[in-house]
Ligand code: COA
Ligand code: AMP
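Numbering (my numbering), first residue to last: 4 to 637.
Okay, structure coming up:
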């Protein structure tokens, strides 16, 4: 089939208003918009101004109204608890309407924030949809984050209520959430009025009198609530993501643009039709979970899978194929790290042959660079297209991809393919001019961004402008570097800030440095991302001790490792650190983190002309070798 991509892409840039107004016809509105794109206050742009709609109605109720009530909406598959639970659209509607009543009983209304700190259980999805049903703004916090991170988000979002569970279940252990929640509320200045707690049989918890209500009791006492229309420009949710400091950025998602863009992406990017089964093997705490576990598949009338397990160890590297078979999955979206884990445990892909994958069509990978070895391995064992695509928390849906729904383009290994319709992606040099083809520069998107992308940061318009729009006037800065080839294929090479990507999880090395520097024996420190065969990158810490400290280094390292675990969370995978005499710096005192990473990864690097003492790079290389990291350096 020849691809319609070029024609559709050109149209999306030449006539964005016409293009997105047409896409918006596929969405159910309570009131149509007056203006498709309000350009009156640049660099702030707003989509579908004057329009009113409800997110939950578009995800759930419309499908019941349109005859899909008996179709499966949500399938919870949990190998860690040996449970499969199925909800059709009608049942999901009942549960969500009831939970909206719970929120109402707690005094939560339109515009109020609700934090959701939960494992991968259906109640988490019901809570998210329950919020949007009454126009409340949810902020889901990933369960792997420690109390301090949760407290930071509580203070920024100032939620009226928090929804949580007694525990989460990892492969080898049960994690009690309640003590983490209590500690976070203790640390936060803002105190939520109420918490709703799901008691899981694996580890129930004691409720805090006067503050906590048990989920089942709250549901029994509630009256189901209808969907409340909100303005298209009202916030639907806030999702915090790592910034360059310990203070995470609250990415705001608006309502109208979000529904329009996500619904459009299902058919056109992912090539999936209503009624089919879509599975994003991620976590609801990340943007992939928001967009492609919860919202997009439901907007599109698909069945979505909520998987509480890991690619390996629950029970084995065949679990993805088992889930695809059992639920008839048409498209799977996950991070390359999951496939590296499967490949490591089942290098010949023998387990694939045990399952019926006849309904499975396409594998999508995103979240980090897809290495060619892993892509080719997946193609070989699955015999299906394996498509890399690239996007960010901020955009909420793909920026660069291979739009199978428009006709697949040829795959070039190492590239997520071309800009997705709606995104005018340019590679730009330091002079804010477009770089030549093949030349590395900043990957930027010309303003205005398409619908669905962040309109601003929560309560921080100035930070939004400073972080994304100031450096390259006229553009949104992705903070990734890369190049475009002669055919318009983009290659994403590296972040230009201190964000690293650990097992598809976005983390800030700056935030880890803030933790390390709190240790009483640490004079200064640097955390850099180094290549890891499984997780893509892992953080490695370099610590300079204060003069006169003569405690055993191993003890100090164990303490800082524990501090990162306690303050950021196990998900940071911070396990490796070393003590060094000094850190390489420029003469102006800037630590050369990028150079350290390059030494670790064996990449060629230019000795910076401004370095204060070149001999120090040799010392760092020795330290990395002791840790088993420095490869052959150029
Ligand atoms: N709640 C509490 N703790 C969590 C957690 C959660 N929701 N998720 C992860 N953790 C903990 C893990 O238990 C682990 O703790 P440990 O250090 O005590 O073992 C730590 O955080 C690191 O977890 P993880 O990154 O999952 O590493 P792993 O070694 O357990 O598993 C993979 C490795 C590759 C199997 C795993 O990273 C994976 O499935 N990755 C897929 C990534 C993904 O879906 N990304 C989303 C973007 S699309
Ligand atoms: P997040 O906001 O957590 O989704 O992380 C977004 C970041 O992950 C991007 O800015 C990139 O650095 C990286 N990323 C996501 N997808 C890809 C991809 N397909 N190839 C390379 N890097 C990617």
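No residue lacks a Cβ here, since even glycine has one placed at the ideal position from N, Cα and C. Since the structure is predicted, the reported quantities are computational estimates derived from the model, not experimental observations.
Cutoff 8 Å; reference residue i; Cβ partners in own chain excluding five residues on either side
{"i": "residue 93", "result": "67, 72, 73"}
{"i": "residue 590", "result": "613, 614, 615"}
{"i": "residue 476", "result": "435"}
Cβ-heavy atom distance, residue i to ligand 2, below 7 Å
{"i": "residue 391", "result": "yes"}
{"i": "residue 504", "result": "yes"}
{"i": "residue 395", "result": "yes"}
{"i": "residue 285", "result": "no"}
{"i": "residue 474", "result": "no"}
{"i": "residue 482", "result": "yes"}
{"i": "residue 381", "result": "no"}
{"i": "residue 509", "result": "yes"}
Three-state secondary structure assigned by DSSP to residue i
{"i": "residue 461", "result": "coil"}
{"i": "residue 469", "result": "helix"}
{"i": "residue 58", "result": "helix"}
{"i": "residue 445", "result": "strand"}
{"i": "residue 286", "result": "coil"}
{"i": "residue 165", "result": "strand"}
{"i": "residue 394", "result": "coil"}
{"i": "residue 547", "result": "strand"}
{"i": "residue 235", "result": "coil"}
{"i": "residue 141", "result": "strand"}
{"i": "residue 36", "result": "coil"}
{"i": "residue 363", "result": "coil"}
{"i": "residue 591", "result": "coil"}
{"i": "residue 317", "result": "coil"}
{"i": "residue 508", "result": "strand"}
{"i": "residue 614", "result": "strand"}
{"i": "residue 114", "result": "coil"}
{"i": "residue 51", "result": "strand"}
{"i": "residue 609", "result": "coil"}
{"i": "residue 332", "result": "strand"}
Check: residue i C-beta below 7 Å from any heavy atom of ligand 1
{"i": "residue 45", "result": "no"}
{"i": "residue 563", "result": "no"}
{"i": "residue 291", "result": "yes"}
{"i": "residue 76", "result": "no"}
{"i": "residue 81", "result": "no"}
{"i": "residue 178", "result": "yes"}
{"i": "residue 127", "result": "no"}
{"i": "residue 3", "result": "Absent from the structure is residue 3, since the part of the chain shown begins at 4 and ends at 637."}
Beta-carbon contacts of residue i that lie in its chain and below 6 Å, excluding the five residues immediately before and after
{"i": "residue 335", "result": "282, 366"}
{"i": "residue 360", "result": "327"}
{"i": "residue 552", "result": "524"}
{"i": "residue 460", "result": "252, 253, 466, 467"}
{"i": "residue 337", "result": "284"}
{"i": "residue 134", "result": "117, 141"}
With 16 other Cβ atoms within 10 Å as the buried cut-off, status of residue i
{"i": "residue 637", "result": "In this prediction, residue 637 scores a pLDDT of 39, lower than 50, which makes its location untrustworthy; the coordinate-derived value is nonetheless stated afterwards. Residue 637 is exposed by the Cβ-count criterion."}
{"i": "residue 13", "result": "exposed"}
{"i": "residue 109", "result": "buried"}
{"i": "residue 17", "result": "exposed"}
{"i": "residue 504", "result": "buried"}
{"i": "residue 258", "result": "buried"}
{"i": "residue 347", "result": "exposed"}
{"i": "residue 150", "result": "buried"}
{"i": "residue 197", "result": "buried"}
{"i": "residue 362", "result": "exposed"}
{"i": "residue 487", "result": "buried"}
Beta bridge counterpart(s) of residue i as assigned by DSSP
{"i": "residue 540", "result": "534"}
{"i": "residue 437", "result": "431"}
{"i": "residue 179", "result": "170"}
{"i": "residue 86", "result": "81"}
{"i": "residue 242", "result": "254"}
{"i": "residue 528", "result": "546"}
{"i": "residue 478", "result": "449"}
{"i": "residue 486", "result": "494"}
{"i": "residue 215", "result": "198"}
{"i": "residue 368", "result": "337, 391"}
{"i": "residue 308", "result": "78"}
{"i": "residue 120", "result": "167"}
{"i": "residue 30", "result": "None, per the DSSP bridge assignment."}
{"i": "residue 421", "result": "404"}
{"i": "residue 44", "result": "47"}
Sequence-distant residues of its chain with Cβ nearer than 7 Å to residue i (five each side left out)
{"i": "residue 46", "result": "450, 468, 472"}
Residue-level contact to chain D via CB, residue i, 8 Å cutoff
{"i": "residue 119", "result": "The structure shown contains no chain D, having only a single protein chain."}
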